[in-house]
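Everything on this sheet refers to the single structure shown next.
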Amino acid sequence: MDSLNKEIVLKRIVKETSDIYSFVFEKPNDYVWTAGQHTVFKFKELKIPLAEDEKEHRIFSIASVKEEDEFMFSTRIVDTCTNFKKNLLKLIPGDVMLIDKPMGKFILEDLKKPTVLIAGGIGVTPMRAFLKDIELNKKEVKHIRLLYSDDRNEFAYEKELLQIGENIEGVEVLLISNRDQFNKEIEEFAKQYNNNGNYYISGSPGMNNMFTEKLINMGIDKQNIKTDSFQGY
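Residue numbers (our numbering): 20 to 252.
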């Protein structure tokens, strides 16, 4: 990872839920990315040594968009977390991390088509970027429905997402804690729009595979389905 040479400076850490934290940095100069992309993060200096089997870098989706004056990623950190994540919580304003170039093809396309954003847990991070991109660039959308599921009824960016859903025509935001309702909402969208719609799924590999298979079984072409896996986030 020799290309991790772009420095970002921490501004603050925000606790979004009981175990999701956002790390907000100054926006790096001459760094341009597209909503939905991710990059590689590495510490410039470690405060806690990494375990022998730990990689010194991690991939996170960029939760902010270039029109904002900050650069942000969010991740889930539980009590039994890795030393990498323990180092994240040791960061203080002014500390520096290193990042690679932006990567990934999980990008919103054809806003004239009805689109459903299916997010589970921390998988909401690129969805937040999608909606901020629409909001800040005043993009016209046909119909975008965010279905954000969390069994514990804890939702990162809750106030912000709901506000976007209320203020922007064509954007609908549903925060769902019931799995049956989550499944029902996905099924209803697929029945209503079939292959005239776009389907974006962001969650664990298991969740992505399950809903991809579900949609294909409902007759949705695989080319209309995009997934973004969150493994170990």
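Glycine included, every Cβ here is placed at the ideal spot set by N, Cα and C.
Every value quoted in this text rests on a predicted model; they were computed, and no experiment measured them.
Own chain partners of residue i with C-beta closer than 8 Å, once the 5 adjacent residues on each side are dropped
i	result
ARG198	SER168 and ASP170
GLU86	LYS151, ASP152, LEU155 and ASN156
GLU128	ASN217
Close Cβ partners of residue i (< 7 Å) along its chain, the five nearest in sequence each way excluded
i	result
ASP38	ARG95, ILE96 and VAL97
LEU181	VAL192
LYS61	MET20, LEU23, GLU75, HIS76, MET116 and LEU117
GLU173	THR36 and SER37
Buried or exposed (CB count within 10 angstroms, at least 16 for buried), residue i
i	result
ILE141	buried
GLU35	buried
LYS147	A small fix is needed here, since residue 147 is Arg in this sequence, not Lys. Buried is the call here.
ILE27	buried
ASP247	buried
VAL135	buried
ILE67	exposed
ALA175	buried
ASN48	exposed
ALA70	exposed
Residue i, DSSP secondary structure in three states
i	result
ARG164	strand
ALA54	coil
TYR176	coil
THR231	helix
LYS34	strand
ARG198	helix
PHE103	helix
ILE183	helix
6 Å CB neighbourhood of residue i in its chain, flanking five on each side removed
i	result
ASP240	ASN214
THR53	ILE126
Spatially closest choice to residue i from the options, by CA coordinates
i	options	result
LEU17	VAL135, LEU117 and LEU194	No statement about residue 17 is possible, as the shown extent of the chain runs from 20 to 252 and does not include it.
ILE32	GLU159, PRO224, LYS104 and MET229	LYS104
LEU108	ASP72, ALA70, VAL84 and PHE42	PHE42
ASN227	PHE208, GLN242, GLY139 and VAL84	GLY139
PRO145	GLY238, GLY55 and ILE244	GLY55
ASP88	SER80, VAL51, ILE111 and LEU65	VAL51
Whole-Å CB distance - residue i paired with residue j, under 8 Å assumed
i	j	result
ILE163	ILE220	About 14 Å separates the two Cβ atoms, so there is no contact after all.
SER83	TYR40	About 15 Å; that fails the 8 Å criterion.
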